[in-house]
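Numbering (our numbering), first residue to last: 662 to 1105. Comments concern the structure below.
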């Protein structure tokens, strides 16, 4: 992998560390963004935050609101639990793969049209899920729901890149983390309340209504943010060449991989923690829900500290490096506790280590996104697609590994978390090389 551009480029700590967005005259709603896009973005910040926050929250709502309904689906459609679990896998796979298609589309046709098409297809697919008579049909349309819902993930990040740069972009990603951190907490609670008054199909009815409302808000409130002069031409071949060029940039690849492995640490926690907390330590479902919520609040708080206090005062790479160091230390502690190196430990020490690990994600996820996207103003949609797809795919691979030794040990979870933490550190140090002056990436 190569670094592109002249060797005299400014360093990451320089006030001019970000790649400028040349010639951009995007609009938000009816208000045009002039030559000072950051000021205009601040004036429309509340509306932009609301819309992009809703788009960011839609995927976790689609995944987690459905979780309490899984036993009902198994009984209602007379399918084994393993088959019904494929409805989750299909949605996750759709969200991962859909980003690879929709990201380059948004670089070619602009953000607004692919987003609206994706949202309309999402609403239709979700409505059909509510009517699905068989598990097979439900799996098929959950896949389509994920493919279409990927538009919300990938285009939301690309719009942030269109509107913001430098530390402002990192701050905005921290704000979005507040929303994306709350959504997984409240989604199962909402799903559980829906099941008090309706069956499992009611969950999809509510998701259909949420998708329709968000589509309307996007149509009325979010204008095009990528002007024609910054769009890409060409078909699939051009899109593949763009992605190949992005992956060929060593620094972009480093941030993408570091973020992906950090996301795998998060996914392994989500997959294993119900069994670790309830089966091994004997906690009740209510206690597990409380601990899960507390850990999510920790992630949100650190994300806000990152955006409000650290960004602009501390370089993004230093904050990112601190986050990587914290999750590595927490993973080592979890592995030592799981293997009995400290003797018998109760739930509280394990929960404390998980809290520290989860909270550190508030330093990792927004800063890896911001650093990667700052290098790619010429292909924000494709870059966003690669960021999202790598995270989902690495997370999906890591998740099954945490249960490889059964439900009675936390060792696999700790091993996966430590391995992914070390891989993230290796990618950050070996590819990003934050101590060196870096040249900006140029369009292929």
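Ideal Cβ positions, reconstructed from N, Cα and C, are used throughout, including at glycine.
Go through the stretch 782-843 residue by residue and report every complete run of the alpha helix (DSSP H) that reaches 4 residues or more, in order. 796-824
In terms of residue numbering, what span does the alpha helix (DSSP H) encompassing residue 1031 cover? Unbroken alpha helix (DSSP H) run through residue 1031: 1008-1035.
How many whole angstroms separate the CB atoms of residue 806 and residue 852, which I take to be in contact at a CB cut-off of 8 Å? No, residue 806 and residue 852 are not in contact; Cβ-Cβ is about 15 Å, not under 8 Å.
In three-state DSSP terms, what is residue 864? helix
Give the range of the alpha helix (DSSP H) segment to which residue 939 is assigned. Premise fails: residue 939 is in no alpha helix (DSSP H) and is neither H nor E.
For residue 910, which of helix, strand or coil comes out of DSSP? strand
Could you pull the start and end residues of the alpha helix (DSSP H) that residue 989 belongs to? It spans 977-999 - the alpha helix (DSSP H) in which residue 989 sits, taken as one unbroken run.
Please state if the CB of residue 925 and the CB of residue 1059 are separated by a distance shorter than 7 Å. yes
So the candidates are 901, 731, 887; which of them puts its Cα closest to the Cα of residue 823? 887
Taking Cβ to Cβ, would you say residue 985 is nearer than 7 Å to residue 1079? no
Mapping DSSP to helix, strand and coil, what is residue 1063? Under the three-state reduction of DSSP, residue 1063 is assigned to coil, being neither helix nor strand.
Beta-carbon separation of residue 872 and residue 787 under 7 Å? yes
Ordered along the chain, which non-local residues of its own chain (more than five positions away) have a Cβ less than 7 Å from that of residue 720? 756, 810, 813, 814
So is residue 864 buried or exposed if we call it buried at 16+ other beta carbons inside 10 Å? buried
Give me the DSSP bridge partner(s) of residue 972. When beta bridges are read from the DSSP output, residue 972 appears opposite 975.
Quick one, are the C-beta atoms of residue 952 and residue 1012 less than 7 Å apart? A contact, by the Cβ cut-off of 7 Å.
CB contact flag (residue 922, residue 1056, <7 Å): no
Return the chain-ordered list of same chain residues with a C-beta closer than 7 Å to the C-beta of residue 1076, the five sequence neighbours on each side being excluded. Only residues of its own chain outside the window of five on either side were considered, and among them 996 have a CB closer than 7 Å to the CB of residue 1076, listed in chain order.
Have a look at residue 709 and residue 956 and give me their C-alpha separation to the nearest angstrom. 27 Å
Count the CB pairs spanning the stretch 1005-1023 and the stretch 775-794 that are closer than 8 Å, and state whether there are at least three. no
Which listed residue (877, 859, 983, 844) has its alpha carbon closest to that of residue 726: 844
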